[in-house]
Amino acid sequence: MRRKMEHLREEMEQISLLRQNLESRLKVLLPDDVGAALMDGVVLCHLANHIRPRSVASIHVPSPAVPKLSMAKCRRNVENFLDACKKLGVPQEKLCLPQHILEERGLVKVGATVQALLDLSSSKPTQTSTM
1 MRRKMEHLRE
11 EMEQISLLRQ
21 NLESRLKVLL
31 PDDVGAALMD
41 GVVLCHLANH
51 IRPRSVASIH
61 VPSPAVPKLS
71 MAKCRRNVEN
81 FLDACKKLGV
91 PQEKLCLPQH
101 ILEERGLVKV
111 GATVQALLDL
121 SSSKPTQTST
131 M
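Position 56 (the sequence shown) corresponds to 56 in our numbering; numbering is contiguous.
What follows is the structure, encoded as structure tokens:
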């Protein structure tokens with residue numbers, strides 16, 4: 001029981017770190033439910049473009065007329081984000097799976113992917129790659 005509580009506490013800390021990283025980099029405030037905020041992939045695509053402009057060429061964003069994206073558009077955003085991470089040099093073992101984002105499960109893994117992306121940007125600010 002104690003080990004499970006400690007594990008949950010660690011997860012909460014990692015999710016909190018994920019929130020802080022996203023909010024500080026993108027200068028936005030995320031809602032309390034971080035998983036729901038990331039589910040459509042929009043914030044993550046903006047993060048990739050913040051790290052390297054135009055790394056995600058097209059981002060599907062909700063409009064006032066249609067405030068919620070279809071699952072197909074959410075999946076496309078998430079896949080575009082993960083592809084950008086690969087191209088920018090995030091190691092395969094640090095990449096989360098699309099369902100970790102789309103199903104709001106595995107936020108710790110999403111956090112590890114975001115952290116790996118941020119680590120790349122801070123350690124190699126002048127790196128150029130062929131895309």
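For glycine and all other residues, C-beta sits at the position ideal for the given N, C-alpha and C.
Keep in mind the model is a prediction, meaning the values are calculated, not measured.
For residue 23, the CB contacts under 7 Å within the same chain, skipping 5 residues up- and downstream, are 29 and 30 in chain order. Put simply, of 70, 16, 88 and 21 the residue whose alpha carbon is nearest the alpha carbon of residue 33 is 16. Inclusion of residue 38 and residue 88 in the CB contact set at 8 Å is not warranted, their separation being larger than that value. Judged by DSSP secondary structure, residue 27 falls outside any alpha helix (DSSP H); it is assigned neither H nor E. Pairing residue 61 with residue 78 gives a Cβ-Cβ distance that is not under 8 Å.
For the set 99, 6, 114 and 91, the Cα lying nearest the Cα of residue 72 is the one of 99.
The alpha-carbon separation between residue 122 and residue 7 amounts to approximately 29 Å.
The continuous alpha helix (DSSP H) containing residue 42 extends over residues 42-51. DSSP places residue 35 in the uninterrupted alpha helix (DSSP H) bounded by 34-38.
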